[in-house]
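For the sequence shown, full-length UniProt numbering assigns the number 1 to the initial residue and increments by one for each residue that follows.
This report refers to the structure that appears directly beneath it.
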Amino acid sequence: MMEREDVSIRANVPQYSVSEISGAIKRTLESGFGRVRVRGEITELKKYPSGHVYLSLKDEGGKISGVIWRGSVSRLGMVPENGNEVIATGKVSSYGERSSYQLIIDRMEFAGEGALLAKIEQLRRKLLEEGLFAPELKKPIPFLPSLVGVITSRAGAVLHDIQTTIARRFPRNVLLWPVAVQGEGAAAQIVAAIEGITRVKPQPDVIIVARGGGSLEDLMAFNDERVIRAVAQCPIPIISAVGHETDTTLIDLVSDRRAPTPTAAAEMAVPLRSELVADLAHRNARLAGGLSRVVQVAKGRLEQAGAGLPDLPSLLETARMRLDDRSQRLELALPSFVLRMRNQLEAPNKRLPVFDLILSRRQHHLNTLSVAFDTSWQRLFQKYSLIVERQRLSPDVLKSAIYLQKVRVEGVSKHLEAVSPLAILSRGYVLVQDSKGQPMTSSHAQPVNGRVILSFSDGKRGAKLDNVTHQEDLGL
1 MMEREDVSIR ANVPQYSVSE ISGAIKRTLE SGFGRVRVRG EITELKKYPS GHVYLSLKDE
61 GGKISGVIWR GSVSRLGMVP ENGNEVIATG KVSSYGERSS YQLIIDRMEF AGEGALLAKI
121 EQLRRKLLEE GLFAPELKKP IPFLPSLVGV ITSRAGAVLH DIQTTIARRF PRNVLLWPVA
181 VQGEGAAAQI VAAIEGITRV KPQPDVIIVA RGGGSLEDLM AFNDERVIRA VAQCPIPIIS
241 AVGHETDTTL IDLVSDRRAP TPTAAAEMAV PLRSELVADL AHRNARLAGG LSRVVQVAKG
301 RLEQAGAGLP DLPSLLETAR MRLDDRSQRL ELALPSFVLR MRNQLEAPNK RLPVFDLILS
361 RRQHHLNTLS VAFDTSWQRL FQKYSLIVER QRLSPDVLKS AIYLQKVRVE GVSKHLEAVS
421 PLAILSRGYV LVQDSKGQPM TSSHAQPVNG RVILSFSDGK RGAKLDNVTH QEDLGL
């Protein structure tokens with residue numbers, strides 16, 4: 001009886017192959033769940049050369065495998081990493097060859113702001129320790145840039161706000177480098193834009209990185225480590241304007257200036273033309289006033305100095321009158337001075353003995369001596385004649401004695417001629433007498449410029465004494 005019942009039961013239980021049951025389970029899972037959102041922590045992340053990504057999501061009570069097909073990776077919305085708490089969107093399916101089920105993921109986002117903030121804070125501390133946020137690394141913003149680079153989305157109001165603000169304040173050229181500002185691949189585009197805009201010719205003077213407001217997930221591209229390092233290495237000053245005034249991202253910490261809004265970033269980049277014109281006018285007024293005060297002070301000093309100077313016309317008149325008076329006195333004094341000098345010169349001449357008289361006396365004396373000599377000669381001749389007669393000397397001896405006496409007489413005559421004043425003067429000598437007619441025998445007898453009288457063999461001349469100090473004065 002029991003055996004008959006067991007056969008009946010086996011005949012009523014359906015029989016499936018492994019493939020049939022595996023496929024039935026797969027259809028049941030896919031139709032029973034449809035699209036689901038699963039929250040969990042990423043673990044066992046693996047990226048294969050084929051482009052597929054395999055991972056697991058876990059929480060305190062379980063774990064589920066997941067796969068991201070290659071075609072969905074670029075549209076995922078974020079870059080999955082181990083340890084990130086995420087919400088994965090997809091459908092549940094099974095893999096019959098392994099008798100396992102898995103979540104096929106086509107969308108992923110961070111799970112809540114708490115996880116995102118923890119991730120951002122961890123990166124902030126890391127970059128802070130490296131010194132990327134140091135104030136000394138901040139570059140100054142140029143006062144009036146010629147070209148402003150803008151990295152933002154082509155669509156939206158951000159670009160329009162920046163362009164209109166720059167055109168209103170001080171029109172400058174704007175170079176746009178469009179990028180995606182959120183989603184998968186946005187961080188890579190921003191990095192490429194920062195690196196590429198520095199190679200553009202002409203190079204922008206300042207760069208504005210901007211986007212509008214959004215959730216923390218929307219702003220995650222500006223918290224990416226690659227973006228932060230690209231901003232730190234950029235040689236051009238960067239102004240960040242990401243989100244609204246209350247939004248803070250890591251790019252704000254590393255940028256050279258942080259603006260609360262894109263409009264404020266444009267205001268930081270270029271000055272207000274009207275303010276510059278007003279400032280120039282104010283400075284011009286101050287400069288003109290300062291110059292006016294300087295001129296007034298200098299004019300006052302000049303007038304004060306001029307008041308202390310004597311009256312030039314009166315000085316000239318006084319000098320002219322003094323000159324006329326001196327001229328008149330000179331005209332009167334010069335003839336009398338010349339007359340007085342002439343009298344002083346002639347007075348010694350009057351006291352001098354007459355040179356002709358001296359010469360005539362000397363001549364008379366010489367003649368007297370000559371007569372006496374002739375007389376003596378005759379007497380001597382007579383004595384010699386008498387001696388000769390007495391001693392009967394020979395004629396030769398007599399002639400020798402006479403010749404000897406003649407030589408003696410000629411010697412005396414020549415001596416007399418040598419001591420004669422006329423003979424001395426004829427040899428080039430000069431008789432020097434002072435103004436009183438006294439002979440001068442010393443060079444110190446008269447002072448410098450003293451008047452003397454020079455007597456030559458043929459006349460007299462007046463002279464003035466000088467000092468002889470050099471050989472050229474002596475004609476050497």
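Just so it is clear, CB atoms sit at the ideal spot from N, CA and C, and this is done for glycine as well.
Do residue j and residue i have their beta-carbon atoms positioned less than 8 Å apart in this structure?
i, j, result
"V38", "L103", "yes"
"V270", "V150", "no"
"D252", "G213", "no"
"V227", "S255", "no"
"V86", "I120", "no"
"P262", "A210", "yes"
"Q405", "L380", "yes"
"L287", "E217", "no"
"I190", "V200", "no"
"E81", "L45", "yes"
"L416", "L359", "no"
"L345", "R451", "yes"
"I105", "I68", "yes"
"I465", "Q446", "Inspection of the sequence shows that residue 465 is occupied by Leu rather than by Ile. A contact, by the Cβ cut-off of 8 Å."
Looking at the unbroken alpha helix (DSSP H) that takes in residue i, where does it start and where does it end?
i, result
"N284", "R273 to G308"
"S72", "R70 to V73"
"V254", "L250 to V254"
"Q233", "E225 to Q233"
"R451", "Run containing R451: none in the alpha helix (DSSP H); it sits in the beta strand (DSSP E), R451 to F456."
"L159", "A157 to R169"
"A266", "P262 to A269"
If distances are taken between C-alpha atoms only, which option among the options comes closest to residue i?
i, options, result
"A88", "Y54, R340, P235 and A167", "Y54"
"P135", "R258, P14, A157 and A186", "R258"
"P142", "H160, Q122 and R172", "R172"
"Y101", "K383, L57, G131 and L128", "L57"
"residue 485", "L369, K63, V73 and L357", "A query on residue 485 cannot be resolved here, the shown segment of the chain reaching from 1 to 476 and no further."
"R124", "A187, D218 and R229", "R229"
"I197", "L175, L116 and S215", "L175"
"Q233", "M440, A192, A210 and H415", "A192"
"N449", "T441, P439, S435 and G459", "S435"
"G66", "A298, V407, K91 and H160", "K91"
"V412", "A372, S94, S400 and K464", "A372"
"T375", "R342, V409, E331 and R75", "V409"
"A155", "W177, L369, E245 and P140", "W177"
"E109", "L132, R320, G40 and P439", "G40"
"S370", "A401, Q328, K399 and K414", "K414"
"S146", "P202, L302 and H160", "P202"
"R107", "Q122, R320 and V79", "V79"
"P260", "P310, E245 and L309", "E245"
"E130", "K47, G83 and E225", "E225"
"R35", "N284, S93 and P49", "S93"
"N467", "L291, K460, H444 and E275", "H444"
"K47", "G290, L357 and R70", "R70"
Since residue i and residue j are thought to touch, with beta carbons under 8 Å apart, how far apart are those beta carbons, to the nearest angstrom?
i, j, result
"I208", "I162", "6 Å"
"A221", "V181", "6 Å"
"E184", "G77", "5 Å"
"T249", "L219", "5 Å"
What are the boundary residues of the beta strand (DSSP E) that residue i is part of?
i, result
"I190", "Run containing I190: none in the beta strand (DSSP E); it sits in the alpha helix (DSSP H), A186 to I197."
"D106", "S100 to F110"
"T246", "Run containing T246: none; DSSP gives neither H nor E here."
"P178", "N173 to P178"
"E41", "R35 to K47"
"S146", "No beta strand (DSSP E) holds S146; DSSP gives it neither H nor E."
"G459", "G459 to K464"
"A210", "V206 to R211"
"V432", "L431 to Q433"
"L55", "V53 to K58"
Can a CB atom of chain C be found closer than 8 Å to the CB of residue i?
i, result
"V452", "Note that chain C does not occur in the displayed structure, where there is just one protein chain."
Is it the case that the CB of residue i approaches a heavy atom of the ligand SAM more closely than 7 Å?
i, result
"R293", "Only the bare structure without any ligand can be found here, which leaves the ligand SAM out of the picture."
Does the region 260-279 touch the region 158-172, meaning 3 or more C-beta pairs lie closer than 8 Å? Proximity of the region 158-172 to the region 260-279 meets the contact definition, three or more beta-carbon pairs being nearer than 8 Å.
Indicate whether the contact test is met: 3 or more Cβ pairs, each with one atom in the region 195-210 and one in the region 237-246, closer than 8 Å. Below 8 Å, enough C-beta pairs join the region 195-210 and the region 237-246 to call them touching: three or more.
Counting pairs of beta carbons, one from the region 450-469 and one from the region 428-436, are three or more of them closer than 8 Å? At 8 Å Cβ cutoff, the stretches touch.
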